[in-house]
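This report concerns only the one structure given below.
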Amino acid sequence: MKTDIEIAQNSQLSPITEIAAKIGIEPDDLELYGKYKAKLSFDKIQAAQANKPGKLILVTAINPTPAGEGKSTMSIGLADALNKIGKQTMIALREPSLGPVMGIKGGAAGGGYAQVLPMEDINLHFTGDMHAITTANNALAALIDNHLHQGNSLNIDQRRIIWKRVVDLNDRALRHVTVGLGSPVNGIPREDGFDITVASEIMAILCLATDLANLKKRLSNIVIGYRFDRTPVYVKDLKVEGALTLILKDAIKPNLVQTIYGTPTLVHGGPFANIAHGCNSVLATSTALRLADYTVTEAGFGADLGAEKFLDIKVPNLPVAPDAVVVVATLRALKMHGGVPKAELSQENIPALRAGFANLKRHIDNVKRFGLPAVVAINEFVTDTEAEIAALKELCQSIDVPVELASVWADGADGGVALAKTLVNVVENGNSNEYQRLYDDQDSLETKATRIVQEIYGGRSVVFAPKAKNQLKEFAKNGWDKLPICMAKTQYSFSDNPTLLGAPTDFDITIREFVPKTGAGFIVALTGDVMTMPGLPKEPAALNMDVAEDGSAIGLF
13 MKTDIEIAQN SQLSPITEIA AKIGIEPDDL ELYGKYKAKL SFDKIQAAQA
63 NKPGKLILVT AINPTPAGEG KSTMSIGLAD ALNKIGKQTM IALREPSLGP
113 VMGIKGGAAG GGYAQVLPME DINLHFTGDM HAITTANNAL AALIDNHLHQ
163 GNSLNIDQRR IIWKRVVDLN DRALRHVTVG LGSPVNGIPR EDGFDITVAS
213 EIMAILCLAT DLANLKKRLS NIVIGYRFDR TPVYVKDLKV EGALTLILKD
263 AIKPNLVQTI YGTPTLVHGG PFANIAHGCN SVLATSTALR LADYTVTEAG
313 FGADLGAEKF LDIKVPNLPV APDAVVVVAT LRALKMHGGV PKAELSQENI
363 PALRAGFANL KRHIDNVKRF GLPAVVAINE FVTDTEAEIA ALKELCQSID
413 VPVELASVWA DGADGGVALA KTLVNVVENG NSNEYQRLYD DQDSLETKAT
463 RIVQEIYGGR SVVFAPKAKN QLKEFAKNGW DKLPICMAKT QYSFSDNPTL
513 LGAPTDFDIT IREFVPKTGA GFIVALTGDV MTMPGLPKEP AALNMDVAED
563 GSAIGLF
């Protein structure tokens, strides 16, 4: 059986100009990065705004397990299948981070015969967006420390600087550091730390900005810390938003690539969903919507994280809400949610499947809570039995939700045709979209957090730690309490305990602190032990990677 990278390297790519021509993009509208990658010009992005937006399909999933779900693979295979049945379709995906690529999770370019290409480039340095975001973030950090060193005219309290440096790797040794040591010429000593680049507020800002002017405005509204009198200090106080925008002037443009089947794909932006909002850029999604009849996009991790944030944070910045939501699962993962250990997942176990269905059902109920139709996509495995498949179909039928098996990993577009046809039927012949957000902006932060915990997670209540309670008062005083909530929570469970699988109830979620992301336009609520700088596993994926003498990648999945 071929590996993902072997399939990718044996695939025939078309020049990106030919892919662009499928959606009415002329060569002059592209900024080429070699033969197979390009950025869209601002002129083309702006011209596309005159087009009526097409249908939007959001792909989400159950809570992830070590058994695998295949959300990105399903997104890509579904889009290829939609094109195969005659629906002009584009994809809008996130960019992979080098942290997971070199760590354990892997990349974000799909798998098998449902991949975006060139896979090696996308999973590594791509067009340099990650580096630009890292540079802008760290430029701001350097400018803050320089301001302290040059006299600190803004009276910034160095003990209360909340802006951290970033690097696009998993590096636990950088979580807490001290800077400015050595002598007075090295700056003002203070505690600092690093986040992973995809957790940077600048990443979130890039993904929510609608144009360069909006990007600059959002950057200016970043809170970097507090003065000695506890009043917030913004980037606009430092007067450096112009410089940061300059660093990001090319990174804000969406990147055009292709699938194995030649489906045009915009890969742009990559915030994590367990510590950020988990969606690709507004510019990529909104541009795809105006260039194609159908746009398939995804949100990170399970629907309790990525889809909730997509619908509460991203959709208000888009021209339309999703017309349908595809919830991806595997029979193996459902059995794991039903209590089966990983080593026994290949064995038929219908009672465990029925028990694990509770996790899928809650995600489906959450989709319907937003007023949107759901379709279940089962990522097919060779170990799936006829009895298990029949049981799952019966369970889905009992709650009146369509379900289709898809074998896009093994069979590419052909393996997704049944799913594509069912989805089109739901979108074009089913109930109309009645999208509604979970909460109103005017609700308090306490109300927003409580609604997420009770109505999406199925929890009992929210426990606010002392620091969080004090911040609620402070944020209301600063006028930040009307912003959306972005929950930072484990992806593995509806609760803040990663070992609590299935559909737990009667649990509390503890919010230990809030982090203002006023430039991005939301407030992050930190729960459990979620960290903004991951560490590497005992045997990182990097151990298997190499490069051949011809420059081709080895061991990249």
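Per my numbering, the sequence shown starts with residue 13, numbered consecutively. Beta carbons: idealized from backbone N, C-alpha and C, even for Gly.
#1: Starting from the C-beta of Gly82, find all residues in its chain whose C-beta is less than 6 Å away, skip the five residues before and the five after it, and write them out in chain order.
#2: Beta carbon of His161, beta carbon of Gly199: below 8 Å?
#3: Can you tell me whether Thr190 is buried or exposed, with buried defined as 16 or more other CB within 10 angstroms of its CB?
#4: Taking the C-alpha atoms as reference points, what is the distance between Thr85 and Val420?
#5: Does Gln170 come out as helix, strand or coil in the three-state DSSP assignment?
#6: Given a cut-off of 8 Å on the beta-carbon distance, is the pair Leu365 and Lys380 in contact?
#7: For Ile325, collect the residues of the same chain with a Cβ closer than 7 Å to its Cβ; drop the 5 residues on either side in sequence, then sort them by chain order.
#8: What are the start and end residues of the beta strand (DSSP E) that includes Ala93?
#9: For the structure I just gave you, are there three or more beta carbon pairs, one from the region 234-252 and one from the region 173-187, closer than 8 Å?
#10: Is it buried or exposed, Val559, if we count other Cβ atoms within 10 angstroms and call 16 or more buried?
#11: At what residue ranges does the region 376-423 contain a whole run of the beta strand (DSSP E), taking only runs of 3 or more?
#12: In chain order, what residues of the same chain have a beta carbon less than 6 Å from the beta carbon of Ile521, not counting five sequence neighbours either side?
#13: Out of Glu356, Leu301, Ala386, point me to the one whose CA is closest to Val337's CA.
#14: Have a look at Glu486, Glu561, Val536 and flag the residue whose alpha-carbon is nearest the alpha-carbon of Thr243.
#15: If you measure between the beta carbons of Leu343 and Ala104, is that distance less than 8 Å?
#16: Could you give the distance in angstroms between the alpha-carbon of Pro196 and the alpha-carbon of Leu317?
#17: Quick one: give me the first and last residue of the alpha helix (DSSP H) that Asp55 is part of.
#18: Buried or exposed for Met102, please, with buried defined as at least 16 other CB atoms from any protein chain shown within 10 angstroms of its CB.
#19: Going by CA-CA distance only, name the one from Leu68, Ile401, Ser298, Ala488 that's closest to Ser87.
#20: Take every Cβ of the region 510-526, pair it with every Cβ of the region 425-440, and state whether three or more of those distances are shorter than 8 Å.
#21: Which partner residues does Pro244 have in the DSSP bridge list?
#22: In its own chain, which residues sit with a C-beta less than 6 Å from the C-beta of Ile11, not counting the 5 before and 5 after it?
#23: Only counting the same chain, and skipping five residues up and downstream in sequence, which positions put a Cβ closer than 7 Å to that of Ile116?
#24: Does the beta-carbon distance from Ile468 to Glu320 come in below 8 Å?
#25: If we ignore side chains and look at the alpha-carbon of each, how far apart do Gly98 and Tyr125 end up?
#26: My output table needs one value for Val542: the three-state DSSP class, helix, strand or coil.
#27: Is it buried or exposed for Ala480, if we count other Cβ within 10 angstroms and need 16 for buried?
The short version:
#1: Within the sequence shown, the letter at position 70 stands for residue 82. Correct list, in chain order: Asn391.
#2: Translated into the one-based positions of the sequence shown, residue 161 becomes position 149. Translated into the one-based positions of the sequence shown, residue 199 becomes position 187. The answer is yes: Cβ separation under 8 Å.
#3: For the purposes of this step, residue 190 is taken as residue 178 along the sequence shown, with counting starting at 1. Exposed, since its Cβ has fewer than 16 Cβ neighbours within 10 Å.
#4: The sequence position of residue 85 within the sequence shown is 73, counting from 1. The sequence position of residue 420 within the sequence shown is 408, counting from 1. If you take the alpha carbons of Thr85 and Val420, they lie about 7 Å apart.
#5: Looking up residue 170 in the sequence shown gives position 158. Taken through DSSP and simplified to helix, strand or coil, Gln170 comes out as strand.
#6: Taking the sequence shown and counting its residues from 1, one reaches residue 365 at position 353. Taking the sequence shown and counting its residues from 1, one reaches residue 380 at position 368. Not a contact, by the Cβ cut-off of 8 Å.
#7: Indexing the sequence shown from 1 puts residue 325 at position 313. Excluding its 5 nearest sequence neighbours in each direction, Ile325 has C-beta neighbours in its own chain below 7 Å: His289, Pro496, Cys498, Phe534, listed in chain order.
#8: Here residue 93 corresponds to residue number 81 of the sequence shown, with the count starting at 1. Counting along the chain, Ala93 falls outside any beta strand (DSSP E), though it belongs to the alpha helix (DSSP H) covering 83-96.
#9: Judged by pairs of C-beta atoms under 8 Å, the region 234-252 touches the region 173-187, as three or more such pairs exist.
#10: Translated into positions along the sequence shown, residue 559 becomes position 547. Exposed.
#11: The DSSP assignment places 386-391, 415-418 as complete runs of the beta strand (DSSP E) inside the region 376-423, in order along the chain (cut-off: 3 residues).
#12: Locating residue 521 in the sequence shown gives position 509, counting from the first residue. Taken in chain order, the residues that qualify are Val465, Gly471, Val474, Asp508, Thr539.
#13: Walking along the sequence shown from the start, residue 337 turns up at place 325. Of the listed residues, the one whose Cα sits closest to Val337 is Ala386.
#14: The count along the sequence shown starts at 1 and reaches residue 243 at position 231. Selected option, being the one with the closest Cα: Glu486.
#15: As a first step, residue 343 is located in the sequence shown; it is residue number 331 there, counting from the start. As a first step, residue 104 is located in the sequence shown; it is residue number 92 there, counting from the start. For Leu343 and Ala104, no; Cβs fall outside 8 Å.
#16: Here residue 196 refers to the residue found at position 184 of the sequence shown. Here residue 317 refers to the residue found at position 305 of the sequence shown. Their backbone Cα atoms lie some 45 Å apart in a straight line.
#17: For the purposes of this step, residue 55 is identified with residue 43 of the sequence shown, where counting begins at 1. Element bounds for Asp55: 54-60.
#18: For the purposes of this step, residue 102 is identified with residue 90 of the sequence shown, where counting begins at 1. Its Cβ being crowded by 16 or more others within 10 Å, Met102 is buried.
#19: Stepping through the sequence shown from its first residue, residue 87 is reached at position 75. Comparing Cα-Cα distances from Ser87 to each of Leu68, Ile401, Ser298, Ala488, the minimum goes to Leu68.
#20: By the C-beta criterion, the region 510-526 is judged not to be in contact with the region 425-440, since fewer than 3 inter-stretch pairs fall below 8 Å.
#21: For this step, residue 244 is matched to residue 232 along the sequence shown. Pro244 is bridged to Tyr238.
#22: Look at the range of the chain in this structure, 13 to 569, and you will see that residue 11 is not part of it.
#23: Counting from one through the sequence shown, the residue named residue 116 turns up at place 104. Cβ within range, chain order: Pro549, Pro552, Ala553.
#24: Counting from 1 along the sequence shown, the entry for residue 468 is found at position 456. Counting from 1 along the sequence shown, the entry for residue 320 is found at position 308. In this structure, Ile468 sits near Glu320, with a CB-CB distance shorter than 8 Å.
#25: Your numbering for residue 98 matches position 86 in the sequence shown. Your numbering for residue 125 matches position 113 in the sequence shown. Gly98 and Tyr125: Cα-Cα distance of roughly 19 Å.
#26: Start at 1 with the first residue of the sequence shown, and residue 542 comes out as number 530. In the structure shown, Val542 sits in coil (DSSP, three-state: anything other than H, G, I, E or B).
#27: Residue 480 sits at position 468 when you count from the first residue of the sequence shown. Ala480 comes out buried.
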